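For reference, the structure is listed below as structure tokens.
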Amino acid sequence: MKVLLVDDHPLILSALQAVIQTIGSDTTVIGVDSAAAARATLQQDSDFDLVLLDLALGDADGFDVLVEFRNAYPAVPVVVVSASERASDVIRAIDSGAMGFVPKSSSHAALHEALGMVMSGSMYVPPSMLGLEFGRGPRSGGDTVPGVMRPASDPASTEHSAGHTSA
973 MKVLLVDDHP LILSALQAVI QTIGSDTTVI GVDSAAAARA TLQQDSDFDL
1023 VLLDLALGDA DGFDVLVEFR NAYPAVPVVV VSASERASDV IRAIDSGAMG
1073 FVPKSSSHAA LHEALGMVMS GSMYVPPSML GLEFGRGPRS GGDTVPGVMR
1123 PASDPASTEH SAGHTSA
């Protein structure tokens, strides 16, 4: 697996490189410290399996870079790795084309899980972000999973449907 890692903090860049390389002996990580360097790297060689992108880059807005990379290299999945733990940033990243969002506070195991899921064609969002804000309980108003997202076999998914009542 060939990974392009984009982060403007040298310590974070080297730490993430080391963690990602433990995924397997066939993993190559190219680290760059700016959006400009990432652009130049991809223009020279777009044969990457994955891009990991920090949102807070010194020379560009990470969301803009995300959209740019998804448009220019649609076959290369992008995973956002960010210090942000705001639900709004996770949603915006996914809406902008990211295949995953990994907070920098995540464990090595969570990062490995996220990258494995994305490389197998799935999307990764931290479990704590599925309907919840970090550090908070469920939103008021009840269930955080809309009925349309429940399996048809779940009685709660049909209790509010026209013509159906729950027992």
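Numbering-wise (the numbering used here), the sequence shown opens with residue 973 and increments by one. Heads up, the beta-carbon is just placed ideally off N, CA and C, and yes, glycines get one too. Computed from a prediction, not measured in an experiment: that's the story for all the values here.
Given that a residue counts as buried once 16 or more other Cβ atoms are within 10 Å of its Cβ, and exposed if not, what is ALA1029?
Note on residue identity: the sequence assigns Leu, not Ala, to residue 1029. Its Cβ being crowded by 16 or more others within 10 Å, LEU1029 is buried.
Under the three-state reduction of DSSP, which class applies to VAL1037: helix, strand or coil?
helix
Here's the rule I'm using: 16 or more other beta-carbon atoms within 10 Å means buried, otherwise exposed. How should SER1056 be labelled?
buried
Ordered along the chain, which non-local residues of its own chain (more than five positions away) have a Cβ less than 7 Å from that of ALA1032?
ALA1007
Which class does ALA1086 belong to by DSSP, given the choice of helix, strand or coil?
In the structure shown, ALA1086 sits in a helix (DSSP, three-state: H, G or I).
Are the CB atoms of LEU1014 and VAL1140 within a distance shorter than 8 Å?
Because the chain is modelled from 973 through 1139, residue 1140 falls outside the range shown and cannot be assessed.
Give the straight-line distance between the Cα atoms of VAL1004 and VAL975, rounded to the nearest whole angstrom.
Roughly 11 Å separates the two Cα atoms.
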